[in-house]
Amino acid sequence: MHCHIVPCVDDGAASLEEAVKMVEAEYKQGVRRIIVTPHFRKGMFEPSALEVKKQFQLLRKTVWEINKDIRLYLGCELYASEDMISQLDSRCAVAMAGSKYVLTELHEFVAASQVRRYLGLLLSDGYRPVIAHAERYECMRKDIKLIEDMIAMGALIQLNADSIVGKNGYAVRKFCKKLLKEGKVHFVGSDCHGIKRRVSRIGDAYDYICKKYGKEYADEIFVYNPQMILENARQRRAGIKRTI
Ligand SMILES: [Fe+2]
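Residue numbers (the working numbering): 22 to 265.
Pasting the structure below:
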C-alpha cells in the first residue's frame, strides 16, 4: 500500500520493464494486491493526473498478461500542504484505490502543531490520513504522545518494511519496535523505488513481525487493514454512505 512502481512518473520505476520487475519482486515477497502510490509534491513531483493514469493502466495491463494472481490499484503519496484538499478535489492527487484513505507524507522536520493542522484538514473533509513512514519524522520519534494523539484524531500509522528490518539505522528500528510492541502500527509498506535501490523487503518484515509479535498482529497490518482500504473503496463505488 506504499510503493513507487508506476513507471516514469516520479523517482520510482524508470521504465515499464523495471516496473514489471518490481511487481515480480513484490510477488516473491508474498504480495498479491498492490496499491501503487506515486509521489505528488508541489514543486518536486507533479505528474499530470492523465499521465499517471495512462502509465498505471499500461502497467496493469502488462502485469495482467504476465501474472493473473496480482491486482494493482492506484493511489498516491501526497505531500502535506495547505493545498491538499484542492489537490484531491482536482484529482491531481488521489486517495488510495478510490477509498477515503490518503497516504500522507510530511517534511522530515515538520512541527507537531503543523502535523495536527494537516490531519485536521483531511479529517474535516472526510478523509482518513495514513501517515507514510511515521518513523521518519523527528517530532514523532521524539514524542510518542504525538503518535497517540494522531491515532485518537483518526489517523493511521504506516511504517516502512526497510526500517523494521534495520536498513535505516538502529534508532529508527528501535522506534519501529516500540510502536509495534505498543500496537500503534496499522500498515507496513515496502516503499520500494526500484530493483537495485530501495527494493521491497515487505516479506522479510512480515516474517520478522510474525516471529517477534505473532502472526495475528502481522496479518492484521499486512493483510486485513489493507483489505479494509479496498473494501472501503468498493463501498464508495457502490454508493454506500456509511462506509468502514
Ligand atoms: Fe514513498
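Glycine included, each C-beta is placed from N, C-alpha and C at the ideal position. Nothing here was measured: the structure is a model prediction, and the numbers come from that model.
Paired residues, beta bridge with PHE60 - DSSP
Taking the sequence shown and counting its residues from 1, the one referred to as residue 60 is at position 39. Checking the sequence, you will find His at residue 60 rather than Phe. In DSSP, HIS60 forms a bridge with GLU98.
Going by CA-CA distance only, name the one from MET65, CYS231, VAL151, GLN108 that's closest to ILE185.
Against the sequence shown, residue 185 aligns to sequence position 164. Ranking the options by Cα distance to ILE185, first place goes to CYS231.
Is it the case that the CB of ASP183 approaches a heavy atom of ligand 1 more closely than 8 Å?
To locate residue 183, count along the sequence shown from 1; it is residue 162. False, no ligand heavy atom lies under 8 Å from that Cβ.
Whole-number beta carbon distance between MET117 and ILE250, since they are thought to touch under 8 Å:
Sequence index remark: in the sequence shown, residue 250 carries index 229 (1-based). Sequence index remark: in the sequence shown, residue 117 carries index 96 (1-based). That pair is a contact at about 5 Å.
Give every residue of the same chain whose Cβ lies closer than 6 Å to the Cβ of ILE165, excluding the five residues on either side of it in the sequence, and list them in chain order.
To locate residue 165, count along the sequence shown from 1; it is residue 144. Here the set comprises nothing.
Is it a yes or a no for the region 233–252 touching the region 110–125, going by three-plus beta-carbon pairs under 8 Å?
yes
Specify whether the region 24–35 and the region 62–73 touch according to this definition: at least 3 beta carbon pairs, one from each stretch, less than 8 Å apart.
yes
Kindly indicate the opening and closing residues of the beta strand (DSSP E) around PHE66.
Sequence index remark: in the sequence shown, residue 66 carries index 45 (1-based). Taken as a continuous stretch (DSSP letters only), PHE66 belongs to no beta strand (DSSP E), as it is neither H nor E.
From ALA114 to ASN88, what does the alpha carbon distance come to, in whole angstroms?
Here residue 114 refers to the residue found at position 93 of the sequence shown. Here residue 88 refers to the residue found at position 67 of the sequence shown. In a straight line, the C-alpha of ALA114 is about 28 Å away from that of ASN88.
Count the other C-beta atoms from every protein chain shown that fall within 10 angstroms of the C-beta of GLN135, then say buried if there are 16 or more, exposed otherwise.
Your numbering for residue 135 matches position 114 in the sequence shown. Classification of GLN135: exposed, given that the 10 Å Cβ count is below 16.
Which same chain residues, not among the five before or five after ASP212, have their C-beta less than 8 Å away from its C-beta?
The residue labelled residue 212 in the question sits at position 191 within the sequence shown. Result list for ASP212: HIS23, CYS24, HIS25, ALA153, HIS154, ASN181, ALA182, ASP183, ARG219, in chain order.
Expressed to the nearest angstrom, what Euclidean distance is found between the alpha-carbon atoms of ASP228 and ALA192?
As a first step, residue 228 is located in the sequence shown; it is residue number 207 there, counting from the start. As a first step, residue 192 is located in the sequence shown; it is residue number 171 there, counting from the start. When rounded, the distance between both Cα atoms is 21 Å.
Counting along the chain, where does the beta strand (DSSP E) carrying TYR245 start and finish?
Residue mapping note: residue 245 aligns to position 224 of the sequence shown, counting from 1. That residue, TYR245, is in no beta strand (DSSP E); it is neither H nor E in DSSP.
Residues with C-beta closer than 5 Å to any heavy atom of ligand 1, in chain order
GLU98, ASP212
Less than 9 Å between the beta carbons of LEU143 and ARG149, yes or no?
As a first step, residue 143 must be located in the sequence shown, where it is residue number 122. As a first step, residue 149 must be located in the sequence shown, where it is residue number 128. Contact: yes.
Beta-bridge pairing of ILE152 - partner residues as DSSP gives them
For the purposes of this step, residue 152 is taken as residue 131 along the sequence shown, with counting starting at 1. ILE152 is bridged to THR125, ILE178.
Measuring alpha carbon to alpha carbon, tell me which residue in ALA226, GLY204, GLY187, LYS262 is nearest GLU47.
Position 26 of the sequence shown, counted from the start, is the residue given in the question as residue 47. Of the candidates ALA226, GLY204, GLY187, LYS262, the one whose C-alpha sits nearest the C-alpha of GLU47 is ALA226.
Quick one: Cα of LYS205 to Cα of ALA101, how far?
For the purposes of this step, residue 205 is identified with residue 184 of the sequence shown, where counting begins at 1. For the purposes of this step, residue 101 is identified with residue 80 of the sequence shown, where counting begins at 1. Going from the Cα of LYS205 to the Cα of ALA101 covers about 21 Å.
In three-state terms, what does DSSP make of GLY141?
Sequence index remark: in the sequence shown, residue 141 carries index 120 (1-based). Residue state, collapsed to three classes: helix.
DSSP state of VAL52, grouped into three classes?
Here the question's residue 52 lines up with position 31 in the sequence shown. In the structure shown, VAL52 sits in coil (DSSP, three-state: anything other than H, G, I, E or B).
Counted within 10 angstroms of its Cβ, other Cβ atoms place ALA254 as buried (16 or more) or exposed:
On the sequence shown, position 233 is the one that residue 254 refers to. ALA254 comes out buried.
Backbone CA spacing between ARG222 and LYS188 [nearest angstrom]:
In the sequence shown, residue 222 corresponds to position 201, counting from 1. In the sequence shown, residue 188 corresponds to position 167, counting from 1. Whole-angstrom Cα-Cα distance: 10 Å.
Considering GLY224, what are the terminal residues of the alpha helix (DSSP H) in which it resides?
The residue you call residue 224 lines up with position 203 of the sequence shown. From DSSP, the alpha helix (DSSP H) with GLY224 extends over 223–234.
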